[in-house]
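Below is one structure, written out as structure tokens, with a few remarks after it.
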Amino acid sequence: MSDNENTTNPANVVEHSHESGVGIITINRPRQFNALNTEVLNAINSVLEKWESCDAVQAVIFTGAGKKAFAAGADVKELSQMTPWEVVNEYPMAKLYNRIESYPKPTVAAVNGLALGGGFELALSCDIRIANPESRFAFPELGLGIIPGAGGTQRLREVAGKAIALDLILTRKELDAEAALQWGVITRISDDPVAAAMEICHVLNENGPLAQRVARESIKAGVLGGHQQEQLSQGLAFSHPDSSEGLSAFLDKRTPNFNSSVSVSTEKEESHAPTK
8 MSDNENTTNP ANVVEHSHES GVGIITINRP RQFNALNTEV LNAINSVLEK
58 WESCDAVQAV IFTGAGKKAF AAGADVKELS QMTPWEVVNE YPMAKLYNRI
108 ESYPKPTVAA VNGLALGGGF ELALSCDIRI ANPESRFAFP ELGLGIIPGA
158 GGTQRLREVA GKAIALDLIL TRKELDAEAA LQWGVITRIS DDPVAAAMEI
208 CHVLNENGPL AQRVARESIK AGVLGGHQQE QLSQGLAFSH PDSSEGLSAF
258 LDKRTPNFNS SVSVSTEKEE SHAPTK
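In short: position in the sequence shown from 1, add 7, done, that's this note's numbering.
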């Protein structure tokens, strides 16, 4: 593998390259604000699988194509066509982000615009987050009758605290880059987040590899503990009629008419619980 590899997957939805020990994964759906469908998620996973045993890549950067979005969340049209069981057990987003969280090599999110929903969760799964001044962060899921179920409830609480996580998720508040920095969601602001991420990765690559890996593991110990509950909650949310109404309303560009009931039958709880 050459040190300046630059490869695009067949559908061109994800580009990846590496140079001087740093790999860059670019979500390449700028017309869709880099929305994350199954094809994109699987393509990212394939690159990570390839690089995990590649000595030429010692750190990984994630970014989005274009100037408007890092990743504007999951593909709502695709989600609206999935059953609750498929969302919990087959949809690859949560598993991919857990992989990034526990990846043996350090990861940096170079956020260059909107980071919404699943895009925000992607950034949170990385070790370090850098954003440009135009970046915006939000979890709009509750307005669709679902939850941030790919690590959002857990990782936002870890990086920003319980109170801020509750505020942002329940109110769907949008953060600009300055507020994100103040609240600990990101650690740096840069006009060129990819270049800044490259500089950081070069510093990381000077660390002792084993020491760096175990330090990361020690810091993150316990982060994955609440993910099973989050996945169960996501299954329950998708089991309720509000999720169908919320997703349909989003696609129809109208205000959702949610059912006031929050009850879900025990039978549904059991049938849509995550597999162990």
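Idealized CB from N, CA, C, for every residue including glycine.
Remember, predicted model here, so these are calculated numbers, not experimental data.
- The C-beta of S132 has 16 or more other C-beta atoms within 10 Å across all chains shown, which makes the residue buried.
- Here G30 is bridged, per DSSP, to H25, V67.
- Between the segment 29-45 and the segment 75-92, the count of Cβ pairs shorter than 8 Å is three or higher; the stretches touch.
- Collapsing the DSSP output to three states places I176 in a helix.
- Under the three-state reduction of DSSP output, F257 falls in the helix class.
- In the structure shown, V20 falls within a coil segment according to DSSP collapsed to helix, strand and coil.
- Annotated three-state conformation of I154 is coil, per DSSP.
- Contact annotation: A202 and I193 have beta-carbon atoms that are not nearer than 8 Å.
- Around the beta carbon of K74, a 10 Å sphere encloses fewer than 16 other beta carbons of the protein chains shown; the residue is thus reported as exposed.
- In the structure shown, I137 falls within a strand segment according to DSSP collapsed to helix, strand and coil.
- Apart from sequence neighbours up to five positions away, the residues of its chain that approach I34 with a beta-carbon distance below 8 Å are V20, V21, N41, L43, V47, I51, F69, T70, G71, A72, F77, A78, ordered along the chain.
- For A145 and L182, the gap between their C-alpha atoms comes out near 6 Å.
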